[in-house]
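In the UniProt record's numbering, the protein residues as written are 17 to 582.
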Ligand code: FAD
């Protein structure tokens, strides 16, 4: 990309190594790298985060011409898909985390790590401001870091939708600490409910577990909790087993909305059989320390449900540092950072954003496609001949390979039908196609290429894509391999990011899992539970975590889950 080329020139000239900073706000001088005369200064890449996107970037970065600095308040990578298992002790917290220093240690690339949180991004001066998360350093806990390239992979935080009382009274399930707190909370509830002084009503209230959000995480947690209760806790607390209740609240008409209907139906049926009370169309409006108020969709009726423990899992929100940065760069009205298909923050060519904190802006693609179309309509008649139409399609596919992909997969049915109709009559060169009709068909692309889901799969693929771009930066400068540029001549340096969906799982408890695989292939039941075990074991980040998780699973099969409240 031309502007990126410019940045690279700047980056090469301005060099990489750490600069000595003097900042009025933060007197701390940042560490500096001494470089001997004549040594080529490395380009400095600052990576924010140690989650899925950042770790995948770091693991795949092989080009030693960068000086990489990782900044994150968490000095480990956490395998989030197994977090629901941590809430019940099916796997231990330490089994699913890997120290980031372990991950980057073996690399031939210079990588350093600072345990700090970035609280401000200054894109103008190519600098980020960071804070160590303890304040016992006499004012030295804040420090600035300059960058040539910034990789933002800070993920997201739990979204409370500003509903009163959620922050104060609910558990979230986002971090390892959250899962540990939930585990202690569940066991604590059983111990409290077993005290002899309590009435039946009090016992029932304490043992009422409410899960808010019928997405994959909420559903998996509800299923995991149900297994924990029925397989382990009822044996240890037989006197309170009749008082246990699990309720799942979902504001939409069904749980697991993003899955195939067969999976949704199966999950709802299974939960009903298991005695999990699924309340659909129930929107939470307030949470107090005693009850949770829901408004029923349709009649607007508000009911107050007493609870013992609530786990809130309703989606993700923006981190303050990202919100502040978005305001700076004119994206203040968005929920996540908008990037182009090369994962560059729009208008900031040396800043990349990936994972849950970003989304690829498809609107620009649509605008470009519409412009290509208008250009082809030379006489402004609003129609094109078949030949012109075919040329336009070829042009669009050349510039936007993902559109070609949709065409190949026959997903843009309107366009395919339109073409078929035209081709049937191809001898009549004069046949005309309506531009408006075509644009309408293109809106299908818009909805199909809508925001990628905020998943580990997307984040990891983006991380490895970006590492690949960094690895081949010089080669691709000389031999660009991307699609044609729309506004200038030549090609883009890299192919745009293309997401490959490998399928997704929804564990439903009782050793049953629903798997939605590519080409709408759905498997539900015990067989897909084994698929789930093998897929997750293979995806774990190291042999150490793999061994620990597998041995935790075996331990659970033999001895059950541990119910000590430590
Ligand atoms: P994260 O992995 O959240 O990493 C963000 C990183 O940024 C962290 O290291 C954090 O400490 C750091 N950070 C935060 N603030 C700052 C700051 N100010 N400065 C510097 N660093 C900062 N996805 C799937 O595909 N499959 C699943 O089965 C699945 N299950 C899930 C289960 C649960 C319980 C949860 C919570 C999520 C699950 N996901 C799953 C979603 C997946 O975890 C996320 O999509 C993924 O973690 C996003 O990766 P990320 O790198 O963008 O963010």
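Ideal placement from N, C-alpha and C gives every residue a C-beta, glycine not left out. Predicted, not measured: the structure shown is a model, and the values here were computed from it.
Take the Cβ of residue i as the centre, count every other Cβ of all protein chains shown within 10 Å, and call the residue buried at 16 or more, exposed below.
{"i": "residue 170", "result": "buried"}
{"i": "residue 87", "result": "buried"}
{"i": "residue 443", "result": "Because residue 443 sits at a pLDDT of 43, beneath the cut-off of 50, its placement in the model cannot be relied upon, and the following sentence gives the value as read from the coordinates. Residue 443 is exposed by the Cβ-count criterion."}
{"i": "residue 221", "result": "buried"}
{"i": "residue 478", "result": "buried"}
{"i": "residue 101", "result": "buried"}
{"i": "residue 212", "result": "exposed"}
{"i": "residue 537", "result": "exposed"}
{"i": "residue 237", "result": "buried"}
{"i": "residue 518", "result": "exposed"}
{"i": "residue 484", "result": "buried"}
{"i": "residue 357", "result": "buried"}
{"i": "residue 336", "result": "exposed"}
{"i": "residue 575", "result": "exposed"}
{"i": "residue 363", "result": "exposed"}
{"i": "residue 535", "result": "exposed"}
{"i": "residue 166", "result": "buried"}
{"i": "residue 287", "result": "buried"}
{"i": "residue 307", "result": "buried"}
{"i": "residue 347", "result": "buried"}
{"i": "residue 216", "result": "exposed"}
{"i": "residue 254", "result": "exposed"}
Which residues in the same chain as residue i place their Cβ atom closer than 7 Å to its Cβ, once the five residues preceding and following it in sequence are excluded?
{"i": "residue 580", "result": "none"}
{"i": "residue 541", "result": "528"}
{"i": "residue 181", "result": "302, 303 and 304"}
{"i": "residue 279", "result": "272, 522, 530, 532, 538 and 540"}
{"i": "residue 314", "result": "297"}
{"i": "residue 322", "result": "221, 224, 306 and 307"}
{"i": "residue 492", "result": "509 and 510"}
State yes or no: is the C-beta of residue i nearer than 8 Å to some heavy atom of the ligand FAD?
{"i": "residue 367", "result": "no"}
{"i": "residue 172", "result": "yes"}
{"i": "residue 340", "result": "no"}
{"i": "residue 328", "result": "no"}
{"i": "residue 334", "result": "no"}
{"i": "residue 474", "result": "yes"}
{"i": "residue 471", "result": "yes"}
{"i": "residue 397", "result": "no"}
{"i": "residue 160", "result": "no"}
{"i": "residue 324", "result": "no"}
{"i": "residue 157", "result": "no"}
{"i": "residue 524", "result": "no"}
{"i": "residue 371", "result": "yes"}
{"i": "residue 236", "result": "yes"}
{"i": "residue 186", "result": "no"}
{"i": "residue 233", "result": "yes"}
{"i": "residue 133", "result": "yes"}
{"i": "residue 139", "result": "no"}
{"i": "residue 87", "result": "yes"}
{"i": "residue 520", "result": "yes"}
{"i": "residue 189", "result": "yes"}
{"i": "residue 117", "result": "no"}
Please name the residue in the options whose C-alpha comes closest to that of residue i.
{"i": "residue 59", "options": "118, 107, 67 and 163", "result": "163"}
{"i": "residue 228", "options": "283, 208, 326 and 158", "result": "326"}
{"i": "residue 144", "options": "121, 168, 124 and 156", "result": "168"}
{"i": "residue 470", "options": "375, 385, 123 and 556", "result": "375"}
{"i": "residue 4", "options": "195, 280, 57 and 231", "result": "The chain is shown only over 17 to 582; residue 4 falls outside these bounds and no answer can be derived."}
{"i": "residue 509", "options": "64, 488 and 297", "result": "488"}
{"i": "residue 96", "options": "313, 565, 578 and 559", "result": "565"}
{"i": "residue 512", "options": "411, 67 and 501", "result": "501"}
{"i": "residue 473", "options": "416, 520 and 407", "result": "520"}
{"i": "residue 516", "options": "367, 533 and 525", "result": "533"}
{"i": "residue 284", "options": "235, 244, 259 and 314", "result": "235"}
{"i": "residue 385", "options": "369, 366, 414 and 373", "result": "414"}
{"i": "residue 125", "options": "117, 551 and 82", "result": "82"}
{"i": "residue 198", "options": "568, 207, 206 and 187", "result": "187"}
Less than 6 Å between C-beta atoms, sequence neighbours within five positions excluded: which residues of the same chain meet that for residue i?
{"i": "residue 295", "result": "265"}
{"i": "residue 190", "result": "174"}
{"i": "residue 240", "result": "100 and 104"}
{"i": "residue 250", "result": "257"}
{"i": "residue 127", "result": "84 and 120"}
{"i": "residue 136", "result": "145"}
{"i": "residue 31", "result": "A caution first: residue 31 carries a pLDDT of 31, below 50, which makes its placement in the model too unreliable to give a value."}
{"i": "residue 276", "result": "532 and 538"}
If we cut at 9 Å on Cβ distances, does residue i have a partner in chain C?
{"i": "residue 285", "result": "No chain C appears in the structure shown, which is made up of a single protein chain."}
By Cβ distance, which residues of its chain are closer than 8 Å to residue i, with the 5 residues on each side in sequence left out?
{"i": "residue 94", "result": "67, 112, 113, 191 and 192"}
{"i": "residue 89", "result": "131, 132, 133 and 149"}
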